[in-house]
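The block underneath contains the structure these notes are about, expressed in structure tokens.
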Amino acid sequence: MVAALPVTSVLAMRYMSAVAVALILYDHCLTWVDEVRYIWFNPQAGFGGRLSFLVNRYATEGMIIFVAYMLGGSSRGLDNQVCRNFIWVFAVIGSVSIALQQFSMVVRVYTLWDRRPKIKWIVIIAFAIQTAITTVFSILAAVQMQPHVAYSPVLHMCTISEKPWALPVMTGTLAAFGLFIILMTVVNALDRPYQRQADVVNALLRDGAFMFGFIFLLTVANFLMSLLGSPSDCLVTLVVVWSMYRLVASRMELRVEAIRLIRFSFPANGTFEVDDELESVWK
């Protein structure tokens with residue numbers, strides 16, 4: 001039986017899922033030239049870097065488009081079992097994708113600390129704990145949602161009538177890990193020898209604290225929505241946060257590969273001409 005949904009929930013599911021797709025496709029167009037230059041035609045990128053970028057960008061984009069199709073009112077001729085399978089796919093692939101994207105943040109923090117062994121173990125342990133908790137509770141949330149997922153032939157979309165209690169735990173874990181990343185970035189900036197307070201601020205800007213802060217605010221909003229919002233609102237908010245994770249992680253990978261290209265491209269005579277695009281990435 002399909003539960004009646006408020007008009008606001010129906011509109012939120014349709015338009016917010018469309019917003020998520022628009023965000024990732026627009027960002028893809030903006031960064032396409034950088035992707036070709038720093039990933040596919042960069043000899044320093046390597047197979048691992050290309051594979052990571054391929055999964056992070058294209059697999060995630062495909063899944064978000066699929067989610068928008070299932071929730072956006074465009075699906076036709078489906079049934080309840082298809083929607084239940086969709087929840088399983090969304091939970092599993094979403095967990096893996098977010099874990100890979102957060103691993104990019106872990107690598108970034110590790111690099112900021114000059115690859116110190118102690119910091120490596122701190123961020124790896126924190127990442128492992130967060131990934132384990134997120135994966136377990138994502139799967140548990142999918143199990144709890146199975147009896148409450150149905151396909152609406154009128155709305156042409158999958159609907160959810162009850163919110164799983166495991167979802168706030170999962171989103172809260174994401175928010176806690178985001179706070180951990182910010183704290184590590186701030187402590188790293190304060191740990192360096194500076195003469196002026198402005199130097200600390202500049203270091204934070206360079207290290208991407210604003211970017212990490214933006215992701216943290218998104219995860220906090222997602223956590224609050226999972227606590228206070230309707231079941232449908234929780235799901236569609238998670239899709240938007242997922243798309244923003246993808247955006248930040250792919251841009252971070254492009255930045256890292258661009259810097260690596262600069263570092264390994266100095267000629268033997270010690271002189272190097274840096275064009276404006278590479279210089280902006282290096283800074």
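The numbering of the sequence shown is the UniProt record's numbering, which starts it at 1 and goes up by one.
All C-beta atoms, glycine included, are put in the ideal place defined by N, C-alpha and C.
With a contact defined as Cβ atoms closer than 8 Å, Leu71 and Val240 miss out at about 11 Å.
It is roughly 12 Å from the alpha-carbon of Ser243 to the alpha-carbon of Tyr58. Ile160 places its beta carbon 8 Å or farther from that of Ser74. About 20 Å separates the beta carbon of Cys83 from that of Tyr15, a gap too long to meet the 8 Å contact definition. Between the alpha carbons of Gly62 and Pro6 lies a gap of roughly 28 Å. DSSP, reduced to helix, strand and coil, places Ser226 within a helical segment of the structure shown. When Ser250, Gln102, Ala176 are compared, the shortest CA-CA separation from Leu217 is found for Ala176. Counting C-beta pairs with one atom in each stretch, the stretch 180-190 and the stretch 41-56 have fewer than three that are closer than 8 Å, which means they do not touch. Between the stretch 86-94 and the stretch 246-261, the count of Cβ pairs shorter than 8 Å is below three; the stretches do not touch.
Spatial neighbours of Asp79 in its own chain (CB-CB distance under 8 Å, excluding positions within 5 residues in sequence) are listed in chain order as Tyr151. In terms of Cα proximity to Ser226, the closest of Glu253, Val123, Thr173 is Thr173. The alpha helix (DSSP H) runs lying completely inside the stretch 21-81 and spanning 4 residues or more are 46-54, 60-71, given in chain order. Pairing Glu257 with Ser104 gives a Cβ-Cβ distance that is not under 8 Å. Between Gln101 and Arg246, the beta carbon gap of about 6 Å places them in contact (Cβ cut-off 8 Å). Look at Val241 here: in three-state DSSP terms it is helix.
Exclusion of the five residues before and after Val220 leaves Ala175 as the residues of its chain whose Cβ lies within less than 6 Å of its Cβ.
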